[in-house]
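Novice: Submitted below is the structure of interest, expressed as structure tokens.
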């Protein structure tokens with residue numbers, strides 16, 4: 241399973257970004273997909289998840305601002321991030337549970353939000 245994330249960048253607080261993650265080598269439509277992030281000095285944290293049925297869950301810190309979605313035909317996972325804050329600055333990773341307690345991870349994409 242290969243996960244290729246893109247779409248990160250540098251924005252000012254209040255602006256938006258959309259992250260994408262292309263999945264290769266997997267039956268994408270049956271997978272739960274997630275976005276995590278890791279800021280310097282912090283542990284990696286779950287940002288949002290979406291099940292194969294389209295059920296979504298979000299960290300409290302991003303509820304109402306971020307939207308996770310998927311395009312099964314294109315095998316792409318998205319994270320729409322609106323009203324970005326400085327504390328959203330992190331490396332964002334797309335991932336998918338292996339089903340054996342671990343995750344497949346993408347390479348990460350940097351998001352930097354300045355005031």
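Numbering (our numbering), first residue to last: 241 to 355. A virtual CB, placed ideally from N, CA and C, is assigned to each residue, including glycine. If you're wondering where the values come from, they're calculated on a predicted model, not measured in any experiment.
Report buried or exposed for residue 288, applying the criterion of at least 16 other Cβ atoms within 10 angstroms of its Cβ.
Specialist: When all chains shown are included, residue 288 counts as buried.
Novice: Tell me the rounded alpha-carbon separation between residue 292 and residue 316.
Specialist: For residue 292 and residue 316, the distance between alpha carbons rounds to 13 Å.
Novice: Look at the alpha carbon of residue 271 and the alpha carbon of residue 336, and state the distance between them as a whole number of angstroms.
Specialist: Their backbone Cα atoms lie some 7 Å apart in a straight line.
Novice: Output needed for residue 302: all residues of its chain with C-beta closer than 7 Å, excluding positions within five of it in sequence on either side, in chain order.
Specialist: Cβ within range, chain order: 287, 288.
Novice: How many angstroms separate the CA atom of residue 333 from the CA atom of residue 355?
Specialist: Cα to Cα, the separation comes out at about 23 Å.
Novice: Locate the beta strand (DSSP E) running through residue 242, then write down its first and last residues.
Specialist: Residues 242–246.
Novice: What span of residues does the beta strand (DSSP E) with residue 258 cover, start to end?
Specialist: Residue 258 -> beta strand (DSSP E) spans 257–264.
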